[in-house]
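Right, one structure below, let's go through it.
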Amino acid sequence: MLASPFAHAHAAWPDRPVRLIVPSAAGGSPDILCRYLASELAKRLGQPVVVENRPGAAGNIGIQAVARSEPDGYTLGYGNIATLAINRALFADLPYNVERDLIPVVAATTTSNLLVVNRDLPVKNVAELIAYAKANPGKLTMASAGNGTTSHLGGELFKTTEKIDVLHVPYRGSPQAIQDVIGGSVQLMFDNLPSILPSVNAGSVRALAVTATTRSPLSPTVPTMQEAGVAGYEMQAWGGFVLPAGTPEPVVQRLNQEFNAMLADDAVKKKLGELAFETIGGSQQDFRALIDRETRKWAVVVKESGARID
């Protein structure tokens with residue numbers, strides 16, 4: 053007698069709007085991605101999916117909000133390489149436990165970063181940037197979208213690999229950081245392709261290299277970091293969706309199925325490609341394995357770079 057209404061309640065999910073918490077500022081790469089996918093998911097669920105930006109503390113504020121939400125299927129979160137992997141090594145006291153407090157639903161997309169510089173900086177390629185930094189130790193500043201982001205750790209990896217002294221300046225998201233690179237308040241930045249490409253295409257900043265192992269079809273004349281002479285350099289920014297621990301399994305399975313169907317759709321893949329994202333998809337176990345691999349990888353980078361946030 054008790055099982056029947058319980059099953060009916062979950063069969064009816066969702067019967068009201070779903071909240072999607074994005075732990076970064078509006079206008080950045082995660083926000084661009086999530087607003088598009090939220091609109092597509094809403095069509096499949098038959099209910100609005102409302103994006104709520106919760107930036108701050110390298111994404112920790114937003115993911116903590118997800119972890120503490122009622123596990124009823126009506127709060128979904130966007131988790132990425134920073135909040136699910138890098139921050140576990142970067143922060144001495146993380147306000148959530150990835151394994152205990154969150155359920156990985158699906159890995160969604162991956163994208164690369166571009167290394168860009170202010171156009172007044174007298175460098176035209178990565179080799180010249182490295183030479184300039186070595187000739188002017190401590191005088192260059194590097195913006196990032198925030199502590200723990202791929203723009204931060206991508207820069208730390210570059211600094212460690214090439215043994216250069218560049219001051220890191222964290223921002224609360226990409227938009228203001230990009231504006232300050234354009235204006236010259238800071239000289240360089242690693243940033244996700246979706247958020248930085250418009251400024252590159254407009255000629256507002258100079259792109260020096262892409263962080264993937266292959267060139268981007270959206271910017272084919274820009275070499276990879278490895279082609280530019282930084283041996284072994286690679287960074288891919290990835291992200292996916294998580295739920296608070298305790299969310300009913302039928303809801304988790306439904307969301308995994310819907311996201312996989314969406315990410316396999318040709319029109320969705322085409323649109324995401326235009327935004328500089330590649331789709332991933334797969335099972336919950338696939339996503340958990342990705343999180344585990346990347347956690348181990350970036351723990352080494354954080355240790356070697358000396359980056360730490362207490």
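Residue 53 is where the sequence shown starts when you use our numbering, and the numbers rise one by one after that. We put the CB at the ideal spot given by N, CA and C, even for glycine. Since the model is a prediction, treat every value here as computed from it, not as a measurement.
Across the set P156, L97 and F210, the C-alpha of L97 shows the shortest separation from the C-alpha of D67.
According to the DSSP assignment, D338 belongs to the alpha helix (DSSP H) that extends over Q336 to S357. The count of Cβ pairs closer than 8 Å, one atom from the segment 305-312 and one from the segment 141-150, stays below three, leaving the stretches out of contact. Taking T193 as reference, the option from R71, E286 and D232 with the minimal CA-CA separation is D232. Take the alpha-carbon of A195 and the one of P302: they are about 42 Å apart. Cβ neighbours of R171 within its own chain (closer than 6 Å, five residues either side excluded): R258. The DSSP-derived three-state label of E180 is helix. Between the C-alpha atoms of A183 and G207 there is a straight-line separation of about 16 Å. A229 is positioned such that its CB atom lies closer than 8 Å to that of M241.
In summary, K176 is exposed, with fewer than 16 beta-carbon neighbours lying within 10 Å of its beta-carbon over all protein chains present. Under the DSSP assignment, G111 falls outside any beta strand (DSSP E); it carries neither an H nor an E label. Shown here, S247 sits in a helix according to DSSP, grouped into three states. Looking at the DSSP output, T263 sits in no beta bridge, so it has no partner there. Here S91 is exposed. Its C-beta has fewer than 16 other C-beta atoms within 10 Å. Pairing K322 with S121, the inter-Cα distance amounts to about 33 Å. With contacts defined as CB atoms closer than 8 Å, V354 and I138 qualify as a contacting pair.
When the alpha-carbon of G225 is set against those of P296, G291 and A197, the nearest one is in A197. Here A316 is exposed, its C-beta having fewer than 16 other C-beta atoms within 10 Å. Looking at V169, P227 and T163, the one whose alpha-carbon comes closest to that of P107 is P227. Taking a C-beta distance under 8 Å as the contact criterion, I73 and V118 qualify as a contact pair. G358 and A141 have their C-alpha atoms roughly 11 Å apart. By the C-beta density criterion, R345 is exposed, having fewer than 16 other C-beta atoms within 10 angstroms.
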